[in-house]
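One gets the working numbering by counting positions in the sequence shown from 1 and adding 2 to each. Don't be surprised by glycine CBs; every beta carbon is placed ideally from N, CA and C. Computed from a predicted model, the values in this text were never measured in an experiment. Notes for the one structure printed next.
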Amino acid sequence: MNQAVDLCQRKRRFVAALALSVALLSSTISTSERPAQAANPAPSPFYRPPAPVVVTNSNKKGAKPPSQATAKAKDETLILQSSKPIVSTAQQWQKWDDYINIKSEQEHIPLTLTFENGGGGAMRFDDLRIRLAGRPLASIRDFKGTSGLNLNLTEAIGVGDSLLTVQGYGQPGSRLAWKLTTPKPVATGVNPNSFGLADKVTVQGKNFSERVAADRVTIGGKPVTVVSAKKDQLILKLGTDVPGGKQDLIVMVGNYRCPAIKVTVKAQPEVSSVNFLNTAPGQPIVVYGHGFSTTASDNEVLIGGVSAQITSVTSDSISCNVPESFDSQTPQWYVPIVVKTNGVESKGTVTINLSQRVIPNEGIPEQ
């Protein structure tokens, strides 16, 4: 009887010891297969977690092959930055550091950070932990069994370099890559296409920033003020220094320059002086002022109401010849000079005396 009890107790001790050994062995195998992740860097002030982070996935099962629409969508996207392939060299946890660089004004445009786990026949990482500026950004769970992951970083990352840390576990050859993109801005038209300095001017297009600070517009190389901004339109306020005539209107969004649009500026020119106080008919003179068109045919110089032949122009001077229709034998005093640019008559008062005498204008009015 005692022998039977002793045998039973021995069996119980053996089973308990066997179960403990199996548990310890399982724990050791699990730890060796997927070690703990490395330490994380300290948070950086450049990154502000998006609220909310929009997560979408690609390469879902049953997805259709790429089409022309897909190719068009790629043409409408700008790649601001992309990584070199991140490739596992051993079946263990590994860590890679990279930097996302945001230039001035790019912090206000739509930003999408896209990860591709595997792809192109490469193996995927089995586990991933991704941090931006020391803060958790994504993990393998966010991929939801697919190879692609898109994260919305709009208004979530500041100007400068932000540390991107990838910790991955996978078979040797497992591959990961990332890219930072934004929709390509397009300026399609200006309404009206011909306008004066006081007119309301609207630029139509798509993918503009809704933050006026990220949208810049120049006309004839001169910056103009963006008073309001939507994704499909910008409303402008022109300055007095915008040159008249046919000019290039250029929109820049987050440092991306859209192709120029030709516009006509009906700026009111102003005359301020002439290089001669007294000259003879047929002689060359230079009329000074500002707001002239740099296209000669857009300007007209009227001396005493008679059109003068223009020989050269800048935005602040026009060279022309006094009409020979004036009689040099009959002097005329204080003959008005008027400039019309794109049909707009100049302001300011400038006169010249016409006779056989030639007197340069040295700033001393003739008595």
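- Along the chain, where does the beta strand (DSSP E) that runs through Ile142 open and close? For the purposes of this step, residue 142 is taken as the residue at position 140 of the sequence shown. Ile142 -> not in any beta strand (DSSP E); alpha helix (DSSP H) instead, spanning Ile142 to Phe145.
- Identify the residues that DSSP records as bridge partners of Gly291: which are they? Residue numbering aside, residue 291 sits at position 289 when the sequence shown is read from its first letter. Note: Gly291 sits in a beta bridge opposite Val273.
- Taking buried to mean at least 16 other C-beta atoms within 10 Å of its own C-beta, is Arg143 buried or exposed? Counting from one through the sequence shown, the residue named residue 143 turns up at place 141. Arg143 should be labelled exposed.
- Query: Since Leu246 and Ala269 are thought to touch, with beta carbons under 8 Å apart, how far apart are those beta carbons, to the nearest angstrom?
  - Reply: Against the sequence shown, residue 246 aligns to sequence position 244. Against the sequence shown, residue 269 aligns to sequence position 267. For clarity, residue 246 is Gly in the given sequence; the question names Leu instead. Yes, they are in contact, since the Cβ atoms of Gly246 and Ala269 sit about 3 Å apart, within 8 Å.
- Message: Based on DSSP bridge pairs, tell me the residues matched to Arg137.
- Response: Here residue 137 corresponds to residue number 135 of the sequence shown, with the count starting at 1. For Arg137, which the question treats as bridged, DSSP gives the partners Leu134.
- CA-CA distance, Glu302 and Val228? Position 300 of the sequence shown, counted from the first residue, corresponds to residue 302. Position 226 of the sequence shown, counted from the first residue, corresponds to residue 228. Between Glu302 and Val228, the C-alpha separation is close to 32 Å.
- Task: Starting from Phe278, trace the beta strand (DSSP E) both ways and give me its first and last residue.
- Result: Translated into the one-based positions of the sequence shown, residue 278 becomes position 276. From DSSP, the beta strand (DSSP E) with Phe278 extends over Phe278 to Thr281.
- Starting from Glu118, trace the beta strand (DSSP E) both ways and give me its first and last residue. Position 116 of the sequence shown, counted from the first residue, corresponds to residue 118. In this chain, the beta strand (DSSP E) harbouring Glu118 covers Thr114 to Asn119.
- N- and C-terminal bounds of the beta strand (DSSP E) containing Pro338: Counted from its first residue, the sequence shown places residue 338 at position 336. Pro338 -> beta strand (DSSP E) spans Gln334 to Thr343.
- Query: Does DSSP put Glu107 in a helix, a strand or coil?
  - Reply: If you number the sequence shown from 1, residue 107 lands on position 105. Looking at Glu107 - three-state DSSP - the assignment turns out to be coil, as it is neither helix nor strand.
- Query: Nearest to Ser299 by CA position, among Gly307, Ile305 and Thr316, is which residue?
  - Reply: As a position in the sequence shown, residue 299 is number 297, starting the count at 1. Among Gly307, Ile305 and Thr316, the Cα nearest to that of Ser299 is on Thr316.
- Query: Excluding the five sequence neighbours on either side, which residues of its own chain have a C-beta within less than 6 Å of the C-beta of Cys260, listed in chain order?
  - Reply: As a position in the sequence shown, residue 260 is number 258, starting the count at 1. If we look at Cys260 and ignore the five residues flanking it on each side, its Cβ neighbours are Pro187, Ala189 and Val253.
- Query: In chain order, what residues of the same chain lie with their CB nearer than 8 Å to the CB of Ser319, ignoring the 5 residues before and after it?
  - Reply: If you number the sequence shown from 1, residue 319 lands on position 317. Counting only Cβ-Cβ distances below 8 Å, and skipping sequence neighbours, we find Val288, Val289, Tyr290, Gly291 and Phe294.
- Leaving out five residues on either side along the sequence, give the residues of the same chain with a beta carbon under 6 Å from the beta carbon of Ile361. The residue you call residue 361 lines up with position 359 of the sequence shown. Hits under 6 Å: Leu279 and Asn280.
- Output the distance between the C-alpha atoms of Lys264 and Val192, rounded to the nearest integer angstrom. The count along the sequence shown starts at 1 and reaches residue 264 at position 262. The count along the sequence shown starts at 1 and reaches residue 192 at position 190. Each residue's Cα considered, the two are about 9 Å apart.
- Item | Rounded separation between Asn103 and Ser176 - CA only | Along the sequence shown, read from residue 1 onward, the residue named residue 103 stands at position 101. Along the sequence shown, read from residue 1 onward, the residue named residue 176 stands at position 174. Asn103 and Ser176 have their C-alpha atoms some 26 Å from each other.
- Query: Per DSSP, what kind of secondary structure is Ile214 in: helix, strand or coil?
  - Reply: Taking the first residue of the sequence shown as position 1, residue 214 is located at position 212. Reading off the sequence shown, one finds Val at residue 214, where the question assumed Ile. Three-state DSSP puts Val214 in a helix.
- With a CB to CB cut of under 8 Å and the five nearest residues on each side skipped, what residues in its chain are close to Val161? Taking the sequence shown and counting its residues from 1, the one referred to as residue 161 is at position 159. Correct list, in chain order: Phe48, Ile104, Lys105, Ser106, Gln108 and Glu109.
- Task: Just confirm the distance between the C-beta atoms of Gly284 and Glu326, as a whole number of angstroms; I'd bet it's less than 8 Å.
- Result: Position 282 of the sequence shown, counting from 1, holds the residue named residue 284. Position 324 of the sequence shown, counting from 1, holds the residue named residue 326. 4 Å between Cβ atoms; contact.
- With 16 as the cutoff for other CB atoms within 10 Å, does Ser28 come out buried or exposed? In the sequence shown, residue 28 corresponds to position 26, counting from 1. Its pLDDT being 41, under 50, Ser28 is placed unreliably by the model, and the measurement read from it follows with that caveat. Under this definition Ser28 is an exposed residue.
- What do you reckon, are the CB atoms on Leu155 and Ala135 nearer than 8 Å? Taking the first residue of the sequence shown as 1, we reach residue 155 at position 153. Taking the first residue of the sequence shown as 1, we reach residue 135 at position 133. No, these two residues do not count as a Cβ contact at 8 Å.
- Beta-carbon gap between Leu238 and Val205 smaller than 8 Å: What you label residue 238 is simply residue 236 of the sequence shown in a count that begins at 1. What you label residue 205 is simply residue 203 of the sequence shown in a count that begins at 1. Against a cut-off of 8 Å, the Cβ pair of Val205 and Leu238 comes out as a contact.
- Query: With distances taken between CB atoms, is the gap from Ala282 to Ser330 smaller than 8 Å?
  - Reply: In the sequence shown, counting from the first residue as 1, residue 282 sits at position 280. In the sequence shown, counting from the first residue as 1, residue 330 sits at position 328. Their beta carbons are under 8 Å apart, which means Ala282 touches Ser330 by this criterion.
- Item | Contacting residues, own chain, Cβ-Cβ under 6 Å from Arg213 (five flanking each side not counted) | Within the sequence shown, residue 213 is the residue found at index 211, counting from 1. Within the same chain, Arg213 has close Cβ partners His110.
- Quick one: what does DSSP say Ala262 is sitting in, helix, strand or coil? Sequence index remark: in the sequence shown, residue 262 carries index 260 (1-based). In this structure, Ala262 counts as coil in the three-state DSSP scheme.
- In terms of DSSP beta bridges, what is Gln206 paired with? Here the question's residue 206 lines up with position 204 in the sequence shown. Gln206 pairs with Gly191 and Gln235.
- From Asn363 to Lys342, what distance separates their C-alpha atoms? As a first step, residue 363 is located in the sequence shown; it is residue number 361 there, counting from the start. As a first step, residue 342 is located in the sequence shown; it is residue number 340 there, counting from the start. Roughly 23 Å separates the two Cα atoms.
- Query: Leaving out five residues before and five after Thr353 in sequence, what residues of the same chain have Cβ atoms less than 7 Å from its Cβ?
  - Reply: Locating residue 353 in the sequence shown gives position 351, counting from the first residue. Tyr336, Val337, Pro338 and Ile339.
- Query: Mapping DSSP to helix, strand and coil, what is Ala310?
  - Reply: Indexing the sequence shown from 1 puts residue 310 at position 308. Looking at Ala310 - three-state DSSP - the assignment turns out to be strand.
- Query: Between Phe328, Ala231, Gly170 and Arg133, which lies nearest to Leu153 when the distance is taken from Cα to Cα?
  - Reply: What you label residue 153 is simply residue 151 of the sequence shown in a count that begins at 1. It is Arg133.
- Query: If you draw a straight line from the alpha carbon of Pro174 to that of Ala158, how long is it in whole angstroms?
  - Reply: Locating residue 174 in the sequence shown gives position 172, where the first residue counts as 1. Locating residue 158 in the sequence shown gives position 156, where the first residue counts as 1. The straight-line gap from Cα to Cα measures roughly 34 Å.
- Is the Cβ-Cβ distance between Tyr171 and Asp129 less than 8 Å? Within the sequence shown, numbered from 1, the residue matching residue 171 stands at position 169. Within the sequence shown, numbered from 1, the residue matching residue 129 stands at position 127. In contact: Tyr171 and Asp129 (Cβ atoms closer than 8 Å).
- Item | Which listed residue (Gly350, Gly307, Asn344 and Asn355) has its alpha carbon closest to that of Gly198 | Position 196 of the sequence shown holds residue 198. The option with the nearest alpha carbon to Gly198 is Asn344.
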